[in-house]
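Asks: For the record, in the sequence shown the residue sitting at position 92 is 84 according to our numbering, with numbers rising by one throughout.
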Amino acid sequence: MEIPLAIFKQALDYATNNSDKFIEALGQHLLLVAVPLAIGLVLGLPLGLLCSRSRMVSTVFINGFNALRVIPSLAILFVAIPYLGLTFQSAAIALTLLVLPPILIGTDVAFRSIEPTILEAAKGMGMAPLQVLWLVEIPLALPVIVAGVKTATVEVIASATLAAFIGAGGLGSFIVLGFALYDQAILLVGAIPVAVLALMAEVSLIALQRYLQPAVKPSP
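(1) For I106, which of A17, I31, N55, A133 has the nearest alpha-carbon?
(2) Between the C-alpha atoms of G170 and R61, what's the straight-line distance to the nearest angstrom?
(3) Evaluate contact between the region 83 to 90 and the region 18 to 36, counting only Cβ atoms and requiring at least three cross-stretch pairs below 8 Å.
(4) Can you tell me whether D100 is buried or exposed, with buried defined as 16 or more other CB within 10 angstroms of its CB?
(5) Drop a sphere of 10 angstroms on the beta-carbon of I110, count the other beta-carbons inside from all chains shown, and report buried for 16 or more, exposed for fewer.
(6) In chain order, what residues of the same chain lie with their CB nearer than 6 Å to the CB of M48, ignoring the 5 residues before and after it?
(7) In whole angstroms, give me the CA-to-CA distance for A67 and I73.
(8) Reducing DSSP to helix, strand and coil, say where P210 ends up.
(9) Kindly indicate which three-state DSSP category S105 falls into: helix, strand or coil?
(10) Closest to F14 by CA distance: which of L204, F166, L197 is it?
(11) Could you tell me the distance, in whole angstroms, from the CA atom of T153 to the CA atom of A139?
(12) By the DSSP assignment, the alpha helix (DSSP H) with I149 in it spans what residues?
(13) Give the DSSP-derived three-state secondary structure of N55 in the structure shown.
(14) What separation, rounded to the nearest whole angstrom, lies between the Cα atoms of M119 and G161?
(15) Within 10 angstroms of the Cβ of E129, are there 16 or more other Cβ atoms? Answer buried if so, exposed if not.
(16) Using a Cβ distance threshold of 8 Å, determine whether the region 30 to 45 contacts the region 194 to 203, with at least three qualifying pairs required.
(17) P185 and A144 look like a contact to me (Cβ under 8 Å); what is the Cβ gap, rounded to whole Å?
(18) State buried or exposed for L(-3), treating a residue as buried only when at least 16 other CB atoms are found within 10 Å of its CB.
(19) Specify, as a first and last residue, the run of the alpha helix (DSSP H) that M192 falls within.
(20) Take the Cβ of A177 as the centre, count every other Cβ of all protein chains shown within 10 Å, and call the residue buried at 16 or more, exposed below.
(21) Can you give me the C-alpha to C-alpha distance between S44 and D12, rounded to a whole angstrom?
(22) Could you tell me the distance, in whole angstroms, from the CA atom of N10 to the CA atom of I63?
(23) Does the separation of the CB atoms of V181 and A3 fall below 8 Å?
Pasting the structure below:
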């Protein structure tokens, strides 16, 4: 169903007339994205590296986080409520569980996909293990790692709207209010910025991924 242009104008008018609430909700939403993503990077990157070094560790962690990922984010939010209440912490925990698998899996795949001959050549040049990691493995793994981070970022931007269901704020509060009042304009005040944020994040991270991609020199 097409949305009439008049509804977009109403949405813009509502956001303008309630600019304080909109800016507050935007700030809350960005925080709901940044905190789980930061935790996901701090935990997921080293765990992903560890998983790439051990098939057993990889099986345990990746299968474990994938099992958690099957559970809907909204269900995790409500499970956390009895322990943390209707708080930002409840939303952050649920969203962290959402971002961890793509970061973890992306990092694992990134390091596993490096050609063993490249690592052997680096060791043959007399590089120490840490030098091989920092100077060879990480630069080669970065494009794939960024791809995992991109997936996690887009997912958490969209899923952060669910935080409004437990009173944690964010742009989802406009979506919830719009549904409650059967008002498409208010709903769009939340939905459009979320879509724009997700698109900006994806485009930016795709550009970063291409920048980090090693240049392939043509054969002579």
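In this text, a Cβ means the ideal position worked out from N, Cα and C, and glycines have one as well.
Replies: Taking the structure as given:
(1) A133
(2) 28 Å
(3) Under the 8 Å Cβ criterion, the region 83 to 90 counts as touching the region 18 to 36, having at least three qualifying pairs.
(4) buried
(5) exposed
(6) Contacts found: none.
(7) Within the model, the alpha-carbon separation for A67 versus I73 is close to 10 Å.
(8) A caution first: P210 carries a pLDDT of 41, below 50, which makes its placement in the model unreliable, though a value can still be read off. Note: P210 maps to coil in three-state DSSP.
(9) coil
(10) F166
(11) 23 Å
(12) 130 to 151
(13) In this structure, N55 counts as helix in the three-state DSSP scheme.
(14) 50 Å
(15) Looking at its Cβ environment, which holds 16 or more other Cβ atoms inside 10 Å, E129 is buried.
(16) no
(17) Wrong, their Cβ atoms sit about 19 Å apart, outside the cutoff.
(18) exposed
(19) 176 to 204
(20) buried
(21) 47 Å
(22) 35 Å
(23) yes
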